[in-house]
Structure formats: structure tokens, C-alpha cells
Amino acid sequence: MAGARGEQERGWDENAGAPEASAFMNVTAPKGATQVKGAVQIDPQEDVYLLSFITSEKNAEGIAEDLRSGEPLKAKKVDFAPDGELFEHLGLAEPQTLKGARSAGVCPACVKDGRRKKVQWIDIYVQALKGDRARVYLKAF
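Okay, so the sequence shown: first residue is 2 according to this note's numbering, each after it adds one.
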């Protein structure tokens with residue numbers, strides 16, 4: 002769980018993966034999703050939950066809408082280094098470095114999303130793939 006832990010060092014919870022990240026975010030990989038991956042990075046300040054999978058473009062859009070960010074997914078120019086190497090832990094490129102990846106972010110408490118009371122922030126990135134498929138990247142804390 003997220004929260005201050007004093008002097009504990011940052012590291013990966015080897016017993017946590019996609020199910021734990023999915024439960025924390027209250028986001029389920031759609032039926033038929035492939036390459037479902039997840040991890041939890043333990044941090045003295047706040048744990049970071051990662052979830053990624055490949056699904057249809059329509060499902061990816063639906064997940065973004067369900068987060069209630071109030072803004073549609075949009076491409077952003079990347080002119081900065083990614084904040085760490087989080088998704089590299091899952092064998093994936095950092096989503097903010099992918100050309101054409103669209104993103105949105107939301108504070109669940111700010112949009113009164115009671116389903117995600119323990120989540121302070123969720124970032125979603127959607128990378129278009131071939132054949133109406135998309136890779137979804139979710140990062141939450």
C-alpha cells in the first residue's frame with residue numbers, strides 16, 4: 002500500500018504484478034487482452050503501480066474515458082527525459098518516449114471517482130499498433 006515508510010529503499014515488489022496493479026487502479030484488462038504485464042514499485046514516499054496490455058483501439062479509448070479525465074487522449078511533444086525507467090522493468094519502452102503515443106492524466110479524487118479512493122493520480126498512454134490494436138500503459142500512485 003502507498004504511504005510513508007521511513008528509510009525503506011525503493012525497489013520492486015517481487016510478489017506483485019498485474020493483478021495487484023489492476024486492483025489498486027480498479028482497471029481491468031479487457032477480455033481478450035494480450036501481453037498483460039504489471040508491477041509495483043515500492044517507494045518510501047508512495048508506491049507506483051504499473052499495468053500494460055494490448056487490446057483493441059476501441060477498448061483502449063473506453064478505458065481512457067472511464068478514468069474521467071475530462072480531456073480526450075492527446076499526443077504530446079516529448080522534449081524531456083522520462084521520469085525513471087518504470088516500464089523498462091516490464092520489458093517495455095517508456096510510453097512518454099513513443100512517437101505518436103496519446104496520453105491523459107487524472108486525479109480520481111478531483112473528479113469524485115469513488116471507485117479509486119486510494120489513488121492519487123493515474124496516467125494513461127495509448128500507443129496505436131497495427132490492425133486496430135493498441136498498447137495501453139497505466140501508471141498510478
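All C-beta atoms in this analysis are idealised placements derived from N, C-alpha and C, irrespective of residue type, glycine included.
CA-to-CA distance, residue j to residue i, given in whole angstroms
i      : j      : result
GLU10  : ILE43  : 8 Å
ASP120 : VAL28  : A small fix is needed here, since residue 120 is Val in this sequence, not Asp. Each residue's Cα considered, the two are about 12 Å apart.
ALA24  : LEU51  : 11 Å
VAL37  : TYR126 : 15 Å
GLU62  : CYS111 : 21 Å
ALA102 : GLU47  : 26 Å
GLY33  : GLY12  : 31 Å
Exposure label - residue i; buried when at least 16 CB within 10 Å
i      : result
GLY39  : buried
ASP80  : Residue confidence is low: ASP80 scores 49 on pLDDT, short of 50, so the model does not pin down where it sits. Its coordinate-derived value is still stated next. Exposed, because fewer than 16 other Cβ atoms sit within 10 Å of the Cβ of ASP80.
ASN16  : exposed
PRO109 : buried
GLY96  : In the sequence under discussion, the amino acid at residue 96 is Pro, which differs from the Gly named in the question. Per the 10 Å Cβ criterion, buried.
THR98  : exposed
Start and end residues, beta strand (DSSP E) containing residue i
i      : result
LYS140 : 134-141
LYS38  : 35-43
SER23  : That residue, SER23, is in no beta strand (DSSP E); its alpha helix (DSSP H) goes 19-26.
VAL107 : 103-107
ASP124 : 123-129
Residue i: first and last residue of the uninterrupted alpha helix (DSSP H) it sits in
i      : result
PHE147 : There is simply no residue 147 to check, as the chain begins at 2 and stops at 142 in what is shown.
C-beta neighbour in chain D for residue i, strict 8 Å
i      : result
ALA105 : No chain D is part of this structure, which consists of one protein chain only.
Coarse secondary structure for residue i, derived from DSSP in three states
i      : result
ALA94  : coil
VAL120 : coil
ALA65  : helix
Supposed contact pair residue j and residue i - C-beta distance, whole angstroms, cut 8 Å
i      : j      : result
LYS140 : ASP124 : 5 Å
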